[in-house]
């Protein structure tokens with residue numbers, strides 16, 4: 072059975088819902104667009120992208136603006152909507168970026184922002200922060216936005232699936248230890264069963280997350296914010 076990443080499924084879903092609120096001919100900025108995975112959702116709009124294209128390990132689609140998101144070379148209020156997916160954790164001063172995105176948005180323009188709460192370091196060395204829902208509320212308010220909603224992107228089962236994937240990948244086979252041979256063997260057996268159980272459950276938990284978004288307890292892997300320029 073093919074691997075399932077519930078986060079990617081939910082990312083597509085929330086961006087499609089956002090795109091459904093974009094009128095034909097509206098100007099849309101995909102900020103930190105990278106490979107532009109959601110560009111096709113905005114075929115009915117005037118789609119433009121911006122990225123600094125500096126992460127050597129990452130593939131980039133051709134960008135409309137190759138720039139720092141703190142200084143986007145367009146006039147004030149050019150865009151009706153901004154898309155900001157999995158970017159805010161990679162900028163050293165998020166309020167500066169959000170303030171610049173507010174500048175290029177028309178009053179009443181909308182922004183969708185997704186970024187992680189629980190995720191390993193990635194795209195080093197450009198990985199700086201993780202944000203709670205309260206941090207999002209504070210940062211968007213300070214930057215000239217009114218937050219309309221802050222929601223879990225995926226459910227807790229998706230977070231658990233991601234944790235299990237990390238366990239299967241990262242637990243050692245034979246950990247270094249000063250303990251005697253039999254104690255080390257015991258440790259190795261515990262780790263073996265933990266890795267095996269994690270590999271067995273990673274996929275089913277991801278598929279369960281797609282089928283049933285559980286938010287009653289636990290914590291999300293990512294948040295999704297919808298805000299409006301004041």
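In our numbering, the protein residues as written are 72 to 301. Where is the CB? At the ideal position from N, CA and C, for every residue including glycine.
Three-state secondary structure assigned by DSSP to residue i
{"i": "residue 251", "result": "coil"}
{"i": "residue 260", "result": "helix"}
{"i": "residue 85", "result": "helix"}
{"i": "residue 130", "result": "coil"}
{"i": "residue 136", "result": "strand"}
{"i": "residue 213", "result": "helix"}
{"i": "residue 94", "result": "coil"}
{"i": "residue 280", "result": "helix"}
{"i": "residue 222", "result": "strand"}
{"i": "residue 146", "result": "coil"}
{"i": "residue 111", "result": "helix"}
{"i": "residue 268", "result": "helix"}
{"i": "residue 206", "result": "helix"}
{"i": "residue 167", "result": "helix"}
Candidates the options: closest to residue i by CA position
{"i": "residue 152", "options": "84, 195 and 95", "result": "95"}
{"i": "residue 267", "options": "224, 283, 239 and 103", "result": "239"}
{"i": "residue 164", "options": "157, 299, 141 and 218", "result": "141"}
{"i": "residue 111", "options": "124, 122, 127 and 91", "result": "91"}
{"i": "residue 75", "options": "288, 294, 293 and 273", "result": "273"}
{"i": "residue 202", "options": "181, 159, 301 and 228", "result": "159"}
{"i": "residue 150", "options": "138, 171 and 139", "result": "171"}
{"i": "residue 292", "options": "97, 136, 157 and 177", "result": "157"}
{"i": "residue 144", "options": "132, 131, 130 and 123", "result": "123"}
{"i": "residue 214", "options": "252, 299 and 116", "result": "299"}
{"i": "residue 190", "options": "217, 83 and 237", "result": "237"}
{"i": "residue 277", "options": "264, 233, 247 and 265", "result": "233"}
{"i": "residue 211", "options": "258, 253 and 182", "result": "182"}
{"i": "residue 113", "options": "83, 129, 130 and 128", "result": "83"}
N-terminal and C-terminal residue of the beta strand (DSSP E) that residue i is part of
{"i": "residue 297", "result": "293–300"}
{"i": "residue 178", "result": "176–187"}
{"i": "residue 156", "result": "150–156"}
{"i": "residue 231", "result": "Looking at the DSSP string, residue 231 is not in any beta strand (DSSP E); the run it does join, the alpha helix (DSSP H), is 227–241."}
{"i": "residue 119", "result": "117–122"}
Extent of the continuous alpha helix (DSSP H) to which residue i belongs
{"i": "residue 200", "result": "No alpha helix (DSSP H) holds residue 200; DSSP gives it neither H nor E."}
Exposed unless 16 or more other CB atoms sit within 10 angstroms - verdict on residue i
{"i": "residue 184", "result": "buried"}
{"i": "residue 173", "result": "buried"}
{"i": "residue 166", "result": "exposed"}
{"i": "residue 187", "result": "buried"}
{"i": "residue 101", "result": "buried"}
{"i": "residue 244", "result": "exposed"}
{"i": "residue 161", "result": "buried"}
{"i": "residue 109", "result": "buried"}
{"i": "residue 179", "result": "exposed"}
{"i": "residue 310", "result": "For the chain, the structure presents residues 72 to 301; residue 310 sits outside this window and is missing."}
{"i": "residue 169", "result": "buried"}
{"i": "residue 104", "result": "buried"}
{"i": "residue 264", "result": "exposed"}
Inter-residue CB distance, residue i and residue j (contact presumed, cutoff 8 angstroms)
{"i": "residue 154", "j": "residue 99", "result": "7 angstroms"}
{"i": "residue 225", "j": "residue 120", "result": "Between residue 120 and residue 225 the Cβ distance is about 25 angstroms, and since that is not below 8 angstroms, they are no contact."}
{"i": "residue 197", "j": "residue 137", "result": "Residue 197 to residue 137, Cβ: 15 angstroms. No contact."}
{"i": "residue 88", "j": "residue 106", "result": "The Cβ separation is near 21 angstroms, so there is no contact."}
{"i": "residue 146", "j": "residue 116", "result": "The pair is not a contact, with the Cβ atoms about 18 angstroms apart (cut-off 8 angstroms)."}
{"i": "residue 219", "j": "residue 297", "result": "5 angstroms"}
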